[in-house]
Amino acid sequence: MTHPLLPKHFQQHVLNWFNKHGRKNLPWQQKKSPYHVWLSEIMLQQTQVTTVTPYFQRFIKQFPNLSSLAAAQLDEVLNLWAGLGYYARARNLLRCAQMLEQKYAGKFPQNLIQLQTLPGIGRSTAGAILSLGFDQAAAILDGNVKRVLTRFHAIAGWPGLSAVNKKLWELAERYTPIQQTAAYTQAMMDLGALICTRTQPKCDQCPLQTHCLAYNTGNPAHFPSPKPSKKLPIRSIQMLILVNQQQEILLEKRPPTGIWGGLWSLPECPSDADAKNFSKKHYYCETEKVRQAMQMRHTFSHFHLDIQAVVMQVNKWHPPLMESDRIVWYNVQQLQKKGLAAPIKKLIQQLNNSTYTHSNGIFGKAPRK
DNA sequence: AAAGCGGGGCG
DNA sequence: CGCCCAGCTTT
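What follows is the structure, given as structure tokens:
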């Protein structure tokens, strides 16, 4: 099959468009630095620019360079990451910084092979670091580029299929120029993010319109093919809101890997267990006034989590010393200082707000003025 | 409620 | 390899 456009011409259209309309003032473009490119690329995995921006700014304020990050504690990194999701990214980020310090004299290696051995860096992120950070000829294939290419060539089949993925990488590499790779790479991401959007693409503003196969056959939004859908299983748990006499709640640190790994969360109790017995056995709490406070559903990529919040008043607490790192009492007003998973923070805040409006909040009654 | 967004890790 | 895992935002 012949290509609708020579790579040289494809690049010219894309680069000309970028010069006029591309994004040149994103927070990670302020200073040309592989550290900033890397950090932003990790944050931008599965996460959009508008969400990432404030996180990125807080992050570089606290860790302005690679060596400061490499010296950080995991808790500090997770606190900055809390709410962004996919917390393995934060763990890998720290490990990667440490490896760069120890094995690479604090510099990013400038080749795909070595970059991809670093935790959290796969083929696309490695390409982004080389192209955006070092202006070297390397291709990326993120969601934006996938959308542009599947439409431009009207490639059917879900991009997660290995055959489709392989084809897309071939195209990505074919079009990536040797010169001006940084500008081209940013241009392709901008094109995908601003013009070749998932729904309602702005084809009338697209520099590739006249050669785009999907446009010319009438249905750009048909590409890329959707992921085969699956019914998600439902998992149910109770989350315990244990309130002591200082009106603090008990938080528990999650195990280092798995869901919300390393973040602070509420004590979790199987849905068929008795919350009162469970609190005593696992959290050393003598409780009373058990109240079913609220129900919420949080959906992960692979299951629904139905959460039943149970509020209990704690009268006595007898913790063994060894547990003091895993469980802490925390003032509800200071939640932003702890790395809490987003839905847990939301749940607590909703309960806390209802304290002032209903009689079913965390403290069971409106506070005295 | 469903879709979208990369990479790690396992068998 | 193919398959599972992970968490938000947007639509």
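In the UniProt record's numbering, the protein residues as written are 1 to 369.
Using N, Cα and C, we set each Cβ at its ideal position, and we do this for glycine too.
Between the CA atoms of residue j and residue i - distance to the nearest angstrom
i           : j           : result
residue 198 : residue 84  : 22 Å
residue 281 : residue 352 : 26 Å
residue 143 : residue 298 : 24 Å
residue 180 : residue 264 : 44 Å
residue 191 : residue 14  : 8 Å
residue 244 : residue 64  : 39 Å
residue 220 : residue 77  : 40 Å
residue 152 : residue 183 : 20 Å
residue 308 : residue 237 : 6 Å
residue 117 : residue 88  : 16 Å
residue 250 : residue 58  : 27 Å
residue 9   : residue 19  : 15 Å
residue 222 : residue 107 : 42 Å
Residues of its chain near residue i, where Cβ-Cβ distance is below 7 Å and the 5 sequence neighbours each way are ignored
i           : result
residue 5   : 211
residue 156 : 225
residue 368 : The predicted position of residue 368 is uncertain, since its pLDDT is 33 and thus under 50; a value taken from the coordinates is nonetheless stated next. No residues qualify anywhere along the chain.
residue 290 : 275, 276, 310, 312
residue 134 : 34, 110
residue 317 : 244, 284, 285
Where residue i falls: helix, strand or coil (DSSP)
i           : result
residue 158 : coil
residue 353 : helix
residue 217 : coil
residue 324 : coil
residue 330 : strand
residue 142 : coil
residue 306 : strand
residue 298 : strand
residue 181 : helix
residue 89  : helix
residue 369 : Caution applies to residue 369, whose pLDDT of 29 falls short of 50 and renders its modelled position unreliable; the value that the coordinates give is listed next. Note: residue 369 maps to coil in three-state DSSP.
residue 260 : coil
residue 291 : strand
residue 203 : helix
residue 235 : strand
residue 371 : Residue 371 lies beyond the stretch modelled for the chain, which goes from 1 to 369, so this question has no answer here.
Buried versus exposed call for residue i [16 or more other C-beta atoms within 10 Å across all chains shown]
i           : result
residue 168 : buried
residue 16  : exposed
residue 344 : buried
residue 41  : buried
residue 242 : buried
residue 254 : buried
residue 176 : buried
residue 31  : exposed
residue 130 : buried
residue 348 : buried
residue 147 : buried
residue 160 : exposed
residue 71  : exposed
Same chain, Cβ closer than 6 Å to residue i, five either side skipped, listed in chain order
i           : result
residue 164 : 157
residue 79  : 339
residue 121 : 115
residue 38  : 129
Could you name each continuous alpha helix (DSSP H) segment of 4 residues or more that falls completely within the region 91–125, going from the start of the chain to the end? 112–116
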